[in-house]
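Asks: This structure is in structure tokens; I'll ask about it shortly.
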Amino acid sequence: MNTHSSFGQNTEINAELQAELQAPVVEAFGPEQLDARERAQSDRIAREAAALCLKALLHRVDPQRHPVSADPTSLEARAAACAATLPALAVARLAPGLKALSRRPTQLRRLLGEQGPSLADLRPAGLDARLDLRPSLPALRTLPAPSRLARATPRSATQFTRCHLLLRAIHCVRETQPAGWDEIIFGGLRIGASGNVAVMRGFDAGDFRTGHYASYGELFLGQYSLRTTPGYPKSLYAIFQLVESDSNDAAVARALTDALSSLVGLVVSFFATAAAGAAAAAAVTLIGNLIGALIDEDALRPYGIRLTLNSQNQFGGAVGPKQHTGNITGHGGIYRIGYRWVLGA
Numbered sequence: 001m002n003t004h005s006s007f008g009q010n011t012e013i014n015a016e017l018q019a020e021l022q023a024p025v026v027e028a029f030g031p032e033q034l035d036a037r038e039r040a041q042s043d044r045i046a047r048e049a050a051a052l053c054l055k056a057l058l059h060r061v062d063p064q065r066h067p068v069s070a071d072p073t074s075l076e077a078r079a080a081a082c083a084a085t086l087p088a089l090a091v092a093r094l095a096p097g098l099k100a101l102s103r104r105p106t107q108l109r110r111l112l113g114e115q116g117p118s119l120a121d122l123r124p125a126g127l128d129a130r131l132d133l134r135p136s137l138p139a140l141r142t143l144p145a146p147s148r149l150a151r152a153t154p155r156s157a158t159q160f161t162r163c164h165l166l167l168r169a170i171h172c173v174r175e176t177q178p179a180g181w182d183e184i185i186f187g188g189l190r191i192g193a194s195g196n197v198a199v200m201r202g203f204d205a206g207d208f209r210t211g212h213y214a215s216y217g218e219l220f221l222g223q224y225s226l227r228t229t230p231g232y233p234k235s236l237y238a239i240f241q242l243v244e245s246d247s248n249d250a251a252v253a254r255a256l257t258d259a260l261s262s263l264v265g266l267v268v269s270f271f272a273t274a275a276a277g278a279a280a281a282a283a284v285t286l287i288g289n290l291i292g293a294l295i296d297e298d299a300l301r302p303y304g305i306r307l308t309l310n311s312q313n314q315f316g317g318a319v320g321p322k323q324h325t326g327n328i329t330g331h332g333g334i335y336r337i338g339y340r341w342v343l344g345a
């Protein structure tokens, strides 16, 4: 049996994980969880962030045809600078989709909106002047590769100053089509209460077939500061991205996962401090739309989660309950992710 994995071990049946990942409590966050005003704001952020992402990628592929502003502080130039650092493997994989996008008006409208710019409008420099939203500019951090969390329980709830996100398990409810082993790359984004954005670097989560579980113990995915905004309540967000890979293109899949997370994370961070929830929902939309338009319309969709803390003693201690996502679908496959939140001093 193929059980190759850097962090988890696949098992045919694991009663504890099976019960946990089939429990009725399911977390989900996206535009549907916002009120009408926030949903409209999220839609605007997603469309304008998409224009910036496309312009940055087009500039990377063909800088003469798609120049950017000479002002290094412009959003256009900052996005292009991020795109310039993306792995060549990822850019080579995205280039055909970028060139084909002009022949896919449906995907373009999904990305940029009915009244959004055309690809021709993205050619000249100065995209900032055509943006409706006024941005804010927090810093984007890239997290180190995942590592085990050495958990220490604080002496009292009043000392909790951060929150950890831990990966516990992945369940392949049904493998993707055509049938066979799914090699899964795991990555994503974190957005804190103040709108600060961080990238979760992609890693090989293992190989899966229908009914398989991978247990990761409590794998550290990232840390959120609880001091970036005053008082309570406050909300923390994460976006999980599963990318199916063939064994001969795992490096490309990891590069793509990191590239999209990095670029989307940077561009969404331009708007996030003023509206963290709307920006997080926009990132869920944007990652899914970019993957669909540039790579594969039927790929596994990104999945957003949100934790709202009403006080430092939300859990009655340091450790939050075991939670899991709903169904993450694509290519006929279904996956679920088990995770938990843990408070730290």
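Per UniProt numbering: the sequence shown = residues 1 to 345.
All residues carry an ideal CB built from backbone N, CA and C; glycine is no exception.
Determine the direct distance from the alpha carbon of Leu343 to that of Arg162, and round the result to whole angstroms.
Replies: As a first step, residue 162 must be located in the sequence shown, where it is residue number 162. As a first step, residue 343 must be located in the sequence shown, where it is residue number 343. Cα to Cα, the separation comes out at about 6 Å.
Asks: Should Asp132 and Ser69 be called a contact, given that it needs their Cβ atoms to be closer than 8 Å?
Replies: Start at 1 with the first residue of the sequence shown, and residue 132 comes out as number 132. Start at 1 with the first residue of the sequence shown, and residue 69 comes out as number 69. Taking 8 Å as the Cβ cut-off, Asp132 and Ser69 do not qualify as a contacting pair.
Asks: Let me know the secondary structure DSSP gives Phe270 once reduced to three states.
Replies: What you label residue 270 is simply residue 270 of the sequence shown in a count that begins at 1. Reduced to three states, the DSSP call for Phe270 is helix.
Asks: For the beta strand (DSSP E) containing Gly333, name the first residue and the last one.
Replies: Counting from 1 along the sequence shown, the entry for residue 333 is found at position 333. Per DSSP, Gly333 belongs to the beta strand (DSSP E) from 333-344.
Asks: Classify Glu16: buried if its beta carbon has 16 or more other beta carbons within 10 angstroms, exposed otherwise.
Replies: Start at 1 with the first residue of the sequence shown, and residue 16 comes out as number 16. Glu16 comes out exposed.
Asks: Answer with buried or exposed for Arg227, where buried requires no fewer than 16 other C-beta atoms within 10 angstroms of its C-beta.
Replies: In the sequence shown, residue 227 corresponds to position 227, counting from 1. Classification for Arg227: exposed.
Asks: Leu219 and Leu256 - do their beta-carbons sit closer together than 8 Å?
Replies: Stepping through the sequence shown from its first residue, residue 256 is reached at position 256. Stepping through the sequence shown from its first residue, residue 219 is reached at position 219. No, the Cβ-Cβ distance between Leu256 and Leu219 is not below 8 Å.
Asks: Helix, strand or coil, according to DSSP, for Arg44 in the structure here?
Replies: Here the question's residue 44 lines up with position 44 in the sequence shown. Of the three classes helix, strand and coil, the one that applies to Arg44 here is helix, per DSSP.
Asks: Give me the Cβ distance between Ile45 and Val199, rounded to the nearest whole Å; I'm assuming they're in contact under 8 Å.
Replies: In the sequence shown, the residue the question calls residue 45 occupies position 45. In the sequence shown, the residue the question calls residue 199 occupies position 199. No, Ile45 and Val199 are not in contact; Cβ-Cβ is about 18 Å, not under 8 Å.
Asks: Specify the secondary structure class of Val68 as computed by DSSP and reduced to three states.
Replies: Along the sequence shown, one-based indexing puts residue 68 at 68. In this structure, Val68 counts as coil in the three-state DSSP scheme.
Asks: Please classify Thr325 as buried or exposed, where buried requires at least 16 other C-beta atoms within 10 Å of its C-beta.
Replies: Position 325 of the sequence shown, counted from the first residue, corresponds to residue 325. Thr325 comes out buried.
Asks: What span of residues does the beta strand (DSSP E) with Gln223 cover, start to end?
Replies: In the sequence shown, counting from the first residue as 1, residue 223 sits at position 223. Looking at the DSSP string, the run of the beta strand (DSSP E) that includes Gln223 is 213-225.
Asks: Find the nearest neighbour of Phe208 within the set Ser194, Gly202, Gly192, Glu175, judged by alpha-carbon distance.
Replies: As a first step, residue 208 is located in the sequence shown; it is residue number 208 there, counting from the start. Considering only alpha carbons, the answer is Glu175.
Asks: Note down the Cα distance separating Gly333 from Val173, rounded to an integer number of angstroms.
Replies: Here the question's residue 333 lines up with position 333 in the sequence shown. Here the question's residue 173 lines up with position 173 in the sequence shown. Looking at the two C-alpha atoms, the distance is approximately 7 Å.
Asks: Quick one: measure Cβ to Cβ for Leu290 and Leu260, integer angstroms, because I've assumed they're closer than 8 Å.
Replies: Taking the first residue of the sequence shown as 1, we reach residue 290 at position 290. Taking the first residue of the sequence shown as 1, we reach residue 260 at position 260. Yes, Leu290 and Leu260 are in contact; Cβ-Cβ is about 6 Å, under 8 Å.
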